[in-house]
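Chains as they are written, first to last, in UniProt numbering: chain A, 1 to 220; chain B, 1 to 220.
Each residue gets a CB set at the ideal place from its N, CA and C atoms; glycine is no exception.
Since the model is a prediction, treat every value here as computed from it, not as a measurement.
These notes concern the structure reproduced below.
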DNA sequence: CTATCATTCAATTATTCGATTGAATGATCT
DNA sequence: AGATCATTCAATCGAATAATTGAATGATAG
């Protein structure tokens, strides 16, 4: 062998890390964590051109993070493996813990107010069966339509102000979005609290909830 | 703000991933997972020049993965956070699962023989108290001297052939090394089995054992 | 069989990264 | 206070990467 197996292994691991080292690809993975999608849909969601999006997807495929299949005229991409979700989550954790910049950005989302600790998924599941909580899915309507936590209301964070009158001020609100890289729930909670609601974030988004093996309401 | 907070966040996460995207830096992190070290020691262990090593360490420091302090004339680096261990472990998992190349390299270490499933750390801990197992630390002697699993014998994989007569053929052998990126234990197990011993790998290396909160024999 | 259309390829440009060299820094120790 | 020595900086080169554009592919649908 020309190089040692040790170096060969490390280079493979480094390839996976490199695949995660572009913001565009992290965005794509976040989207694919919601549900499988065609290239065009991914391009639209992420604001990338279709060609650029395709290139990034192929880099992700080269290291096995995503897989594709054909459905009619479209090529549908999906995450190969749920473990990728864990990897992304911990990457976020490490970044949040080690990079001061990240903490500042997250605090900025709350306009300087102290955000309450997020509620964990076990606790939310228990509260849901009691009916003692309002669950708010603040993702765009099409993603909500794809799949959501049973019983959740859909109010996209961009239009939350129009829905405020529909919300009960006496019930605690739990907002969730796409997962650890998504800031919608942060923004929603900040907005709701400024308007006098008792709101918290869910720890993790829909993909994590699904990965726990919990029930999902979905169209397919 | 010039760019959206969402993009700003993703760029930070991507920075962390990029820091993990060079084999040299993964090697450094593996070393630092054993114990804190000075730049010169790291350079020697990894085969990098001191200057090059220093550069890589600074990239790791920039994203908060390592921290340094001064001790006498030396600058000592260490992992900032044990969570980095988890991140590295899952990165390896994902790579092993998704990249065919990785599986081939790992199989190549066993010379085509089927390697048995590794033993997990809980089980090893139980077997250790029973005394029904020989634990073999196959890392270099200096790393063993730094810290090791109590009761383990040290036989560096490179010199394992000289020690074969010291090993009991009737007791199961469990070999461990630096962790998921280290191939010493793979090699040792393959060699031992070829020579008629009943040997298995430990799942995870010394850093993972320590991270579980288990006892360590160490010099300091 | 052919037209269509989503996706991919190819080629370019600008940028970034890694290794290397030798010099500079700066805290320690005498 | 000054010598020493581990570490870091600065500058360079070669290589690799990301975004962009327009053209090519190739499977489906009619």
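Cβ neighbour criterion (16 or more within 10 Å) applied to residue i
| i | result |
| --- | --- |
| residue 98 (chain B) | buried |
| residue 1 (chain A) | A caution first: residue 1 (chain A) carries a pLDDT of 38, below 50, which makes its placement in the model unreliable, though a value can still be read off. Classification of residue 1 (chain A): exposed, given that the 10 Å Cβ count is below 16. |
| residue 116 (chain A) | exposed |
| residue 217 (chain B) | exposed |
| residue 113 (chain B) | exposed |
| residue 129 (chain A) | exposed |
| residue 163 (chain B) | exposed |
| residue 187 (chain A) | buried |
| residue 21 (chain B) | buried |
| residue 146 (chain A) | buried |
| residue 51 (chain A) | exposed |
| residue 132 (chain A) | exposed |
| residue 203 (chain A) | buried |
| residue 158 (chain B) | exposed |
| residue 19 (chain A) | buried |
Neighbouring residues, chain A, relative to residue i (Cβ below 8 Å)
| i | result |
| --- | --- |
| residue 108 (chain B) | 5 |
| residue 203 (chain B) | Residues of chain A passing the Cβ test: none, with the nearest at roughly 16 Å. |
| residue 12 (chain B) | 95, 99, 101, 102, 105 |
Within chain B, partners of residue i - CB distance below 8 Å
| i | result |
| --- | --- |
| residue 9 (chain A) | 102, 105, 106, 181, 183 |
| residue 70 (chain A) | None at all; the shortest Cβ gap to chain B is about 21 Å. |
DSSP bridge partner residues for residue i (one or two, in chain order)
| i | result |
| --- | --- |
| residue 172 (chain B) | B:133 |
| residue 161 (chain B) | Per DSSP, none; premise fails for residue 161 (chain B). |
| residue 154 (chain B) | B:137 |
| residue 199 (chain B) | B:173 |
| residue 69 (chain A) | A:76 |
| residue 56 (chain B) | Residue 56 (chain B) pairs with nothing; no bridge assigned. |
| residue 119 (chain A) | A:202 |
| residue 145 (chain B) | In DSSP, residue 145 (chain B) forms no bridge with anything. |
Simplified DSSP state of residue i, which is helix, strand or coil
| i | result |
| --- | --- |
| residue 86 (chain B) | helix |
| residue 114 (chain B) | coil |
| residue 39 (chain B) | helix |
| residue 1 (chain B) | Reliability fails at residue 1 (chain B), whose pLDDT of 37 lies under 50, so the model's placement of it is uncertain and no value is given. |
| residue 99 (chain A) | coil |
| residue 79 (chain B) | strand |
| residue 189 (chain A) | helix |
| residue 105 (chain B) | helix |
| residue 63 (chain B) | coil |
| residue 215 (chain B) | coil |
| residue 178 (chain B) | coil |
| residue 24 (chain B) | helix |
| residue 94 (chain B) | helix |
| residue 48 (chain B) | coil |
| residue 167 (chain B) | coil |
Contact set between residue i and chain A, taken where Cβ atoms lie within less than 7 Å
| i | result |
| --- | --- |
| residue 170 (chain B) | The contacting residues do not exist; residue 170 (chain B) stays about 31 Å from chain A at best. |
| residue 86 (chain B) | 90 |
9 Å Cβ cut-off: residues of chain B touching residue i
| i | result |
| --- | --- |
| residue 97 (chain A) | 64, 80, 81, 83 |
| residue 27 (chain A) | 6, 7, 10 |
Chain B residues whose Cβ lies nearer than 7 Å to that of residue i
| i | result |
| --- | --- |
| residue 17 (chain A) | 17, 20, 21, 91 |
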